[in-house]
DNA sequence: CGTGTTCTTGAACCACTTCAAGGCCCGTGG
DNA sequence: CCACGGGCCTTGAAGTGGTTCAAGAACACG
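Chains as they are written, first to last, in our numbering: chain P, 2 to 240; chain H, 2 to 240.
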């Protein structure tokens, strides 16, 4: 829109105000003052496909607000088994716990852009601005609710239910970014990633998606799927 | 100690200061002033074995700080499948999310005592006392970390690893209550409960515990187990 | 001392995994 | 431009860890 006209020099406090994901991220519902403070300690960063963003047990120097692309969060067991904890989309926050060490690995599924903060700076700011702490807590509680949903999925749902739930969840999360009603669902992660998220093997994920395709509930297209019958898939996801 | 001498009438603000679980619960590290405010809106309550404390999707009128006994948190699927999200011990908080509706069911495994607050009162207090919000957030982040550990367990660990991890986790949590080094581990919940927590069947849990007993790592005793080789069980839990 | 609940154990079964092979897509270099 | 190589995905066939079904043992409680 009027973007080009105003950045001969990109003033730091201009970044947040023009941020595409502000309305759905941690920074939503913050006062201008707090936004400026956040802005002052933030930096825009990029990560290439497969690039590491954080490594399990390493000291956590930074926290991030994802603004573009997709991030894979995972824990590795000693023998190489991997469990993906979640996928982050634009608007999601990486490092909520503000703990001194990362509880998991994070890397870029596809090219990622993010808003980076020093963990200690961010932590201090949170300590001095109750409004920001409040917002952080809201986001954290949302995260906890998602984790508990995932526990139910992993503990008690079948392969078919898991895959259906995954597709529905991803569609719903994308719909927050103005992709509402979109039937094309990009799946930038591999089948192995989906499997490690759903507690299955990549073959089971592939077979399950094939079955959904055979039943005309979706169409497998390059880079994702097209949902032909989202309601039927949603129905499969929790019963 | 001097308890009997001072409660001809049990003044509300006397309760917290004498609370056995204060040091390990939400109320830890709160100032005397905040403690008094909490105290003023709290009430002591009891629940008998199997009594319902909260029902999934019902409006949440109360939140609780558990002071005695054990609480079972679970989600039910439409067809009766059950996933236990967690077991609460003394010092744990029920209703962290402060959401308007309960995200899960809660009932008493054995007789439970708790400190009850009106959700709205508690919520208001949290909104006006950043220190309390801070503490709530800490507790919530701990909860999130536990949930993520559980995701790894459910997604990628074998039955043997799950049961071992369960026993170790329970022992560690009990050790916070001065039960450190105790080899006797009470298991007030049924095998079916353990199974629904670990994403297994009760038969698998029973067989797995029997196997640990056969290998002399533990002894099955009425109401629980005696850990004969806690280190070996711990080693089983994550490899 | 019976009755119901929980726990254990055995045997058959099955959903998902494992192992294996071939196909597709895409970037790269000849 | 096309042949080659390497991911990634799909599909088949065999294998297995955990489930399901079933029956009896231990225990708890009136």
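Idealized CB from N, CA, C, for every residue including glycine.
Less than 8 Å between C-beta atoms, sequence neighbours within five positions excluded: which residues of the same chain meet that for residue i?
{"i": "residue 169 (chain H)", "result": "231, 234, 235 and 238"}
{"i": "residue 217 (chain P)", "result": "229 and 230"}
{"i": "residue 31 (chain P)", "result": "39, 132, 133 and 136"}
{"i": "residue 162 (chain H)", "result": "154, 237, 238, 239 and 240"}
{"i": "residue 127 (chain H)", "result": "99, 133, 134 and 137"}
{"i": "residue 182 (chain H)", "result": "176"}
{"i": "residue 6 (chain P)", "result": "Residue placement at residue 6 (chain P) is poorly supported in this model, since its pLDDT is 41, which falls under 50; the coordinates still yield a value, given next. There are no such residues."}
{"i": "residue 42 (chain P)", "result": "118, 119, 122, 123 and 126"}
{"i": "residue 211 (chain H)", "result": "221"}
{"i": "residue 130 (chain H)", "result": "35 and 38"}
What does a CB cutoff of less than 7 Å around residue i pick up in its chain, not counting 5 residues either side in sequence?
{"i": "residue 84 (chain P)", "result": "75, 76 and 197"}
{"i": "residue 50 (chain H)", "result": "109, 111 and 112"}
{"i": "residue 44 (chain H)", "result": "117"}
{"i": "residue 102 (chain H)", "result": "58, 59, 60 and 61"}
{"i": "residue 225 (chain H)", "result": "185, 186, 187 and 188"}
{"i": "residue 202 (chain P)", "result": "196"}
{"i": "residue 193 (chain P)", "result": "203"}
{"i": "residue 27 (chain H)", "result": "66, 94, 136, 137 and 140"}
{"i": "residue 165 (chain H)", "result": "234, 237 and 238"}
{"i": "residue 17 (chain P)", "result": "23, 28, 36, 39 and 40"}
Is the CB of residue i under 8 Å away from at least one CB in chain P?
{"i": "residue 137 (chain H)", "result": "yes"}
{"i": "residue 190 (chain H)", "result": "no"}
{"i": "residue 231 (chain H)", "result": "no"}
{"i": "residue 31 (chain H)", "result": "no"}
{"i": "residue 131 (chain H)", "result": "yes"}
For residue i, which residues from the same chain have a beta carbon less than 6 Å from its beta carbon, with the 5 sequence-adjacent residues on both sides left out?
{"i": "residue 46 (chain P)", "result": "115 and 117"}
{"i": "residue 189 (chain H)", "result": "71, 110 and 111"}
{"i": "residue 9 (chain P)", "result": "Residue placement at residue 9 (chain P) is flagged as unreliable, the pLDDT there being 41, under the threshold of 50; a coordinate-derived value is accordingly withheld."}
{"i": "residue 124 (chain H)", "result": "99"}
{"i": "residue 195 (chain H)", "result": "206"}
{"i": "residue 25 (chain H)", "result": "92 and 177"}
{"i": "residue 104 (chain P)", "result": "none"}
{"i": "residue 64 (chain H)", "result": "96, 118, 120 and 123"}
{"i": "residue 156 (chain H)", "result": "none"}
{"i": "residue 106 (chain H)", "result": "56, 57 and 75"}
{"i": "residue 69 (chain P)", "result": "91 and 114"}
{"i": "residue 213 (chain H)", "result": "219"}
{"i": "residue 53 (chain H)", "result": "108"}
{"i": "residue 87 (chain H)", "result": "74"}
Exposed or buried, what is residue i when buried is set at 16 or more other beta-carbons lying within 10 Å of its beta-carbon?
{"i": "residue 184 (chain H)", "result": "exposed"}
{"i": "residue 222 (chain H)", "result": "exposed"}
{"i": "residue 179 (chain P)", "result": "exposed"}
{"i": "residue 209 (chain H)", "result": "buried"}
{"i": "residue 1 (chain P)", "result": "Since the first and last residues shown for chain P are 2 and 240, residue 1 (chain P) lies out of range."}
{"i": "residue 19 (chain P)", "result": "exposed"}
{"i": "residue 81 (chain H)", "result": "exposed"}
{"i": "residue 1 (chain H)", "result": "An answer regarding residue 1 (chain H) cannot be provided, because it is not within the stretch 2 to 240 covered by chain H."}
{"i": "residue 148 (chain H)", "result": "buried"}
{"i": "residue 215 (chain P)", "result": "exposed"}
{"i": "residue 172 (chain H)", "result": "buried"}
{"i": "residue 227 (chain H)", "result": "exposed"}
8 Å is my cut-off, CB to CB: does residue i come that close to chain H?
{"i": "residue 141 (chain P)", "result": "yes"}
{"i": "residue 76 (chain P)", "result": "yes"}
{"i": "residue 82 (chain P)", "result": "yes"}
{"i": "residue 86 (chain P)", "result": "yes"}
{"i": "residue 149 (chain P)", "result": "yes"}
{"i": "residue 200 (chain P)", "result": "yes"}
{"i": "residue 145 (chain P)", "result": "yes"}
{"i": "residue 242 (chain P)", "result": "Since the first residue of chain P shown is 2 and the last is 240, residue 242 (chain P) is not available in this structure."}
{"i": "residue 126 (chain P)", "result": "no"}
{"i": "residue 95 (chain P)", "result": "no"}
{"i": "residue 134 (chain P)", "result": "yes"}
{"i": "residue 223 (chain P)", "result": "no"}
{"i": "residue 237 (chain P)", "result": "no"}
Legend entry - Contact residues within the segment 151-167 of chain P, judged by C-beta distance below 7 Å to chain H: 151, 152, 153, 155, 156 and 157
Inset, instruction - Select from the segment 97-114 of chain P all residues with a C-beta closer than 9 Å to any C-beta belonging to chain H, and list them in chain order. - result: 97, 98, 99, 100, 104 and 105
Legend entry - Length at least 3, wholly inside the segment 104-179 of chain P: the beta strand (DSSP E) runs in chain order: 106-109 and 113-119
Legend entry - Entirely enclosed beta strand (DSSP E) segments - the segment 46-109 of chain P, minimum 3 residues: 53-55, 63-69, 72-77, 83-89 and 106-109
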